[in-house]
Each structure stands twice: as structure tokens, then as C-alpha cells.
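Structure record follows, encoded as C-alpha cells.
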Amino acid sequence: MSIELRPSPHLHSGRDVPTIMRHVVYALFPVCAFSIWQYGLSALALIVTVTLSCLAAERIANRMSGTVNTLSDWSATITGVLLALTLPPAFPLWMGAVAGFAAIWLGKSLFGGLGHNPFNPALVGRAFVQAAFPTAITTWAPAFAPQRFSEFIPSSLTLPFMVPNDISAWVAANMVDGFTGATPLARWKFEHFVYPVEDMITGAASASSGETSALLLLVCGLYLIARKFMDWRIPVAVVGSAMIMAWGFQLYDAETYPPMHLALLSGGLMLGALFMATDMATSPVTPMGVWVYGALIGVLTILIRYFGGLTEGVMYAILVGNAAAPLIDKYLQPKVFGARKK
Amino acid sequence: MDVIVEEILVKGKGGREKGNPPGREGRAEGAGWTSPFSLLSSLFSKKDFARGIHPASYKGGLDQPIRRMPFPRKLVLPLAQHIGKPATPLVAVGQEVLRGQPIASANGPLSVPIHAPADGVVEAIALQPSARGAWTESIVLRVFEASVQEMGWSQPLDIDALDHAQLIAAIQASGLVGLGGAAFPSHAKFDVPAQHSVHTLIVNGCECEPYLTCDYKLMREWPQDLIAGTRIAMRASGAQRAVIGVEDNKLDALEAIRPHLPADGSITLQAVATKYPQGAEKMLIKSLLGLDVPAGGLPVQLGIVVNNVGTLALLGRLLPQGQGLIERVVTLAGPGIKRPGDYWIPLGTTLRSILDWAGNPECGEREVILGGPMMGQAASSLDIPVTKGTSGILVFDKRMLEPITQHSWACIHCSECVNACPMGLNPSQLGMLAGKLEFDEMAQQYHLGDCFECGCCTYVCPSHIPLVQQFRAAKAFLRERKPL
């Protein structure tokens, strides 16, 4: 009979990385389902294409670097699903595949894989295609089009390396009341139109595939928080600081700046705050650092939206937050028990 | 007392005056003016420290009394069972000894004697395996078959008649050490250096390690000895009051002690949050008194001495009889144990003889742990004996070992370790530095020296990174390099 020798502790909580990542994927299922219900076949095809391209990119990177197969840790799946949810539903599938490869290769594999990446890979992928395909990424399709389950939005099926197919004829044929082809943030920026709150909560406004329903995102995020798979402080800090900023601007000049609900419920703020800013690998670890990081993202989001050339600011705000995370950690180390005050 | 310590005492809850012992007196000073929040905060304030973890308790057989098992044929008594210099043998090979007779004497002030745990004959004084290494000098005793489990050696003492020096000497003669696991000689702890004065004795009844129940059973079965030992310890250390802190999952132990408390109120009971590592000295002082022991400092700087309940129960039991420490309560538990429970086990009993009787032979590949599962050491051989610091013997089978033998991932910065570390360190950062062998930076920038190796970080790490193990290696490296 043999004796095992190992150093203490001899117990473990039983949690592991794949479990955490798998639950994030579970939490994104309802968001995907809602997106498919809104946008039909095109949304489904986009989510599948982007996720598969992420998995393929990860596997190829594994082969090339000679490391173990890391598909089983589910992190590439999260990247794929999240990336698909940040893209417009009518985004050409081949561009989605490019985004997937860019996300994994440029955002993660180059740095050494999961845990070593400084930026959220899904956002790296999105930033790549935003620069590469500026028109396609701002072409919005109407939700709840009558033909959505029987035919693709024409632009989805664009041939690789071709300019996206024109969707205006399809939009005209599938006319939905009130559809203008612009997001609530863009409509405020260019027309000063205030979207009704209920549309933004329930997902009737046009937007990227996963960011339409603030309410659904919140429920899915609460699941992860309840199961302790997500740090609740980050979304609270992001949304809280964005809210204070938006409220301040609204008080200062309600003519120029949009009402607070528009800032909170529109665009990717909820998706970003709950599912991207909370990416463990790219957020700080220290208790104070987490608050500072979240607040930085919230403030930057509003500043970019109100004063930048873009209508949407969450993506760059989070990327800047990611870049600042190591610095934040360095200067906000936790207070050591019994430390002497200087 | 240093300036810093006084500062801490003054700054503590309620802004006490200098020299006034913290705690009840300090809190009572607000009499006459009740804060509107005091009622609210008393509802929510729990005697607790920050962070820590909540592992499953795995404590079983709580209703069973402490039992005995058959006497072993052979006892192996290492001369170094305590922190400090090894004891000096008093017996020769072939000599017959009585149960309770001193067989090795203390070698200097930081050392304690060893007593024979059974009637027998000294078979050898030789190098034997022990928990401290493969070859440690030990007295090997062959136990007479007719040996009874009654004490054959005793020199009753009138404790009240002893002066302080005599009391310390009597405690040293009993061979008592900290039974919680550290095995620091008790008399040396009570003999407070002249520059410090002790006002509070903390009696540690937390037993926060999973599986272990020996302290709980002692509190329940031997409360009068515990109180007697606490009073001796208060006299020896000069403390005016004692607080017995017990985790709130063992409230029946508190109730067992309560009827034996002295009427003068000098000994009080306090329930604290059930959490690991509540039984760590610094954490318990924080929970009970709200005081932070300065980093790198000792509780005695704050006027506090901490002792384990097991140590004090045996002090109260042994000292009036003038007997030595020859046996202790050990928890046997884990899937590889057929007869789990708490047992009075003579010191020197080898793991092999215990497992022959209590072990489960079908267990197969296994790990034998001395102490608790969080901080206990794995035994390298079954010939290792139970010594004064052995609080538990756990036998884990393959199923228990699996989660920690799996693959490990890179750190994903989940911050679970930062939120678990009771010392407020950043294990994630320390682990990354350890991976790069940046030991100096770990010590200078990230307070490696404050880590007391409780293992919370490794326990929670979802990447299965052996964090505390790396920190131990880093500390050992820095320690060994220092003299050069």
C-alpha cells in the first residue's frame, strides 16, 4: 500500500476555471436566444459562425504553439458568443469569422493564452472589424421582421471579401413600424430623438444583436453574481459612475445632453458592464482597484459618447480600462493586516 | 510597551485610556450616552475578522465521547517534540520505566522534559523517523504487556503556595507545549518578557480546521480542568482576565463550560464566527478584541497571550497532580479510517499501530495527514509517532486527492485569493512573482513575511495554482540565503 506525499492544504474548494467559464456561457444562452428571436436566422448564423471561428482559431493556435488543447476551458466559447453579441445582426458572416480569428489570435494567443491577455479578446475582435469594416458595423437591421425565420438578411450571406449586399430592399419588404436604421444613441446624437424607456428595456430598439434588452442582460448577470461567478462590484461601479456622469450632464444642460435612461439602457453599457468589464483576466484583483477600474470605464463611456466622434463608447472605455488594470493593481495593493501607518 | 502598541490600544474601539485593558471595560465607558446606531450595530456586528474561507466542516461523530484504543507494543519518543532545544535523555538502554516517569530532561529554558507514556523498558536510544525528518534521535520504549492505563508517577503540588518562578518551573516540568500544533513550550509563553505586561489571556477554542474535533470534545468533557488550567495560566502570565473564544458552531461546548466559570467574572466566554482560519492567533485577537497585532509583531506586544483550550485543559489536569504530559487527544478521521473519533493516544504511538487498529485496509492509495487538512503535514512513513503537537490523523483516499492532482491553469486574476487572504496580502501577485523566482520582490514589496501559510489562497484558486506551497518555498529560499 502506497502513501501519497503532498504539501498542505489537502482540501480544495472544488472550483476550477472551466466551471466558471461554462457558467458564463450558460448565462449568455438566454441573451442569444432573445437575439435569435428578434433577428431570426441571421442572428443564429452569426453567433454560430463567430463562435466556431473562435474555437478554430484557438485550436490552430494550440497546434502552432504546441500547448495542450485549451478548447475544454470554455474561454474561447465565451469570446465567440460575446463577440457575436456585440456585432450588428446583419453583419456579413465572413466578416464575423474574421472578427473571431482576430479576437483569439490578436487578443489572446499572441500574449500566451488565457490569463496572459491584457485586453478582453472579444473587444479586440470587435475593435478590429470596426476599423476594418466601418460601414458594415453600423448597418442595423430591424427587429421582429416578419420573414426573419424563413430567410437571411441579405447582407449576412455576402461572399467573402466582397462588399456587403445592400439590405435596403429587404428592409423595405420587411417593413417594421418605426424602424429608421439607427440606434437610440445615434438618433439622439443626430436628431435629438428620445427613445421610449420601455422599448429599450424590452429590446425593441435597433442595436447589436446582444445589447437590445437591458432587462434580460441584468437578469443573466444576476445569475452569475448569485452563483459567485462574477464580481458584482465591477458592474455596480461601471453603471453607477455612468449614471452619475449622465445625470450631472443632464442637470447641467438637458438640451444638449440626453436623458439619463438613454445613457444607461442604450448601446452596450449593460452588456459591457456585466459581461466584458468583468472578464477576470483583464480586470484588477485588488478590492480598491476593482472600484477604480469600474468607475474609470463608466466615466470614459459617457465622455466618449458625449464628446467623441463615435456614438458608442463602451468598447473603447473597457479597452482603456483593461490597459490601466495592471497599473491600478500596482498602486492600490490591499492593506496588509497589522500594517503600520506611516 | 512600545509606543506603537500603546497607540493601538488607545486607538482601539471607544478610545480607551492608556493602560486600560481593551474589551468590556473599554466599551462600557460610553454609559449614559447611547449611540442611535449601537443597537443596530450590535445586531449586525459579529465577532469576526476580514476575509477567510468557509470550507465544509467534515466534523463527524460529535456525540461520541473521547475513547481509548489498545496500548501499542512499542513507543517511539523523539527528543525534539517541541520548538526549542531537544530534551536530554535521563535513562539508559535496558532500564525499566514507570508510566509518567521523566525519561528526558529539559535542555535549557526553551525546552521541556519528556515522560514515559507507559510502563516498559528502554529498548534503544537511536535515530528514528519522525514528522520532523527521516532520522531524529528518539527513545524507543518496549511496553510491558501488563501495562495499565493508569498513572504510576505523580507528585501532587499545592499550586497556590508556589511563587511565580516556581510555577513556571512546575509548568516546564510537566512537559506541556502548545497542543494546537505549534508545540511551543507553554512555560516559555507564560514567562512574559519584562518589557511587556500581559492583561488578557485568550483561550483559543476555535478549532477551525475541518475534520478536527479533539478540542471540542475536551471543552465538553473536561470543562473544570479547562477552567483550572485557565486560572493557572492567568497567574503564570499575569493576565487579569481571560476570554474563551469558541466558534459559533460549537455553542454546546460554551454551555458546557459556562457553569464552571468563576463568580468574579475574570473569565468570560465569547462566540466568534465559524470561519477558517478563526483559530489563528492574530485573527482570533481581531475577532475578540478588535485589535490588530502589528505586522511582524507578537500578541504579547499588545499585552495578550493566546493559548489553545487543549493545552489549558491538560495544564489544569496535570499540574495539580504534578504529572507530565504523556498522552493527548487525537482526532482520527477521513475516508481511510474505519473507526473515526477522538482518542486519548499515548505519545510515541506510531501511525502504523494506530492504523492497524483504526484504519481501513481497503483504502488503497492514500495520504496520511498529521493535524488538520488545511495546515497539516503529510506523513512520509507509517513509522512516524504521534508527538505532543499532533492534533489529528487524517487518512485521505484517492477520491479526496483528485481535485488537487488535476491540471492547473494560468492565473485568470479572478481575485478569489485576494478576497480570501486573512492577512490582506495579494496571493495572485505573489504567485506570479514566485513563478519568475522574484523572491526578493515578494518579500520587500508584497509582504511575503506576513504570510502564515493558512492555505486559503490555494484552497480557493480555480486555476489550481499551488500558491501557498510556492510561498513556503520562497520563504525557505530566503531563510537559507540570509546567513550568507
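So the sequence lines, in the order shown, correspond to chains A and B.
Position 76 of the first sequence, counting from 1, maps to 76 under the numbering used here, and the rest follow consecutively.
For the numbering used here, count along the second sequence from 1 and bump the result up by 1000.
A virtual CB, placed ideally from N, CA and C, is assigned to each residue, including glycine.
Counted as a single uninterrupted DSSP element, the stretch harbouring R22 (chain A) is not any beta strand (DSSP E) but the alpha helix (DSSP H) occupying residues 17–39.
One Cα belongs to R1399 (chain B), the other to I3 (chain A), and the distance between them is close to 14 Å.
Residue range 1200–1205 is occupied by the beta strand (DSSP E) that includes I1202 (chain B). Between L1319 (chain B) and I1171 (chain B) a beta carbon distance of about 7 Å is seen, short of the 8 Å cut, so the two are scored as contacting. Cβ contact annotation for S1463 (chain B) (same chain, cutoff 7 Å, sequence separation greater than five): S1408, W1409, A1410, C1411, I1412, in chain order. Restricting attention to B:L1347, B:A1169, B:I1103, the CA atom closest to the CA of I1125 (chain B) is found in B:I1103.
For P1346 (chain B), the enclosing beta strand (DSSP E) covers residues 1341–1346. According to the DSSP assignment, K1046 (chain B) belongs to no alpha helix (DSSP H), since it is labelled neither H nor E. The C-alpha of S209 (chain A) lies about 23 Å from the C-alpha of M243 (chain A). Within the region 1182–1205 of chain B, no residue has its Cβ closer than 8 Å to any Cβ of chain A. Secondary structure note for L1077 (chain B): its beta strand (DSSP E) is the uninterrupted segment 1074–1078.
Boundaries of the beta strand (DSSP E) harbouring E1123 (chain B): 1120–1130, taken from the DSSP string.
Residue nearest to L44 (chain A) within the set A:I153, A:A317, A:T282, A:V314 is A:I153 (criterion: CA-CA distance).
If only uninterrupted alpha helix (DSSP H) runs of at least 4 residues are considered, those enclosed by the region 181–211 of chain A are 184–191, 197–202. DSSP places I167 (chain A) in no alpha helix (DSSP H); its state is neither H nor E.
Residues of chain A with a Cβ closer than 8 Å to the Cβ of C1208 (chain B) do not exist, since the nearest Cβ in that chain sits about 13 Å away. Within 8 Å of the CB of W1135 (chain B), no CB atom of chain A is found; the nearest one sits about 17 Å away.
Residue range 1164–1173 is occupied by the alpha helix (DSSP H) that includes Q1166 (chain B). Contact fails between the region 1188–1200 of chain B and the region 1267–1277 of chain B, because fewer than three Cβ pairs, one in each stretch, are under 8 Å apart. For H1115 (chain B), the secondary structure class from DSSP, reduced to helix, strand or coil, is strand. The residues P1210, in chain order, have a CB closer than 6 Å to that of S1057 (chain B) in the same chain once the five nearest residues on each side in sequence are set aside.
Just measuring C-alpha positions, the residue of B:V1093, B:M1069, B:H1082, B:D1063 sitting nearest T1390 (chain B) is B:H1082. Just so you know, the alpha carbons of L1355 (chain B) and C1363 (chain B) end up roughly 11 Å apart.
Residue state for E151 (chain A) is assigned as coil, using DSSP reduced to three classes.
Looking at the backbone, the Cα of A1106 (chain B) and that of N117 (chain A) are separated by about 58 Å. Take the alpha-carbon of L1212 (chain B) and the one of T1088 (chain B): they are about 32 Å apart. The continuous beta strand (DSSP E) containing L1269 (chain B) extends over residues 1267–1272.
Residue state for F1071 (chain B) is assigned as coil, using DSSP reduced to three classes. Of the residues assessed, H10 (chain A) falls on the buried side of the cut-off, its CB having 16 or more other CB atoms within 10 angstroms. By alpha-carbon distance to S35 (chain A), the top candidate from A:P89, A:S8, A:M64 is A:P89. From the beta-carbon of A1378 (chain B), the residues of chain A found nearer than 9 Å are I3, E4, L5, R6, P7, S8, H10.
At least one C-beta of chain B is nearer than 7 Å to the C-beta of S13 (chain A). When 8 Å is used as the limit between beta carbons, M280 (chain A) is near these residues of chain B: I1412, H1413, C1414, S1415, in chain order. Legend: CB atoms of the region 1377–1401 of chain B lying less than 8 Å from CB atoms of chain A belong to residues Q1377, A1378, A1379, S1380, S1381, L1382, L1394, F1396, M1400, L1401. Secondary structure remark: continuous beta strand (DSSP E) runs of at least 3 residues inside the region 1199–1262 of chain B, in chain order: 1200–1205, 1241–1247. Between Y293 (chain A) and I234 (chain A), the beta carbon gap of about 7 Å places them in contact (Cβ cut-off 8 Å).
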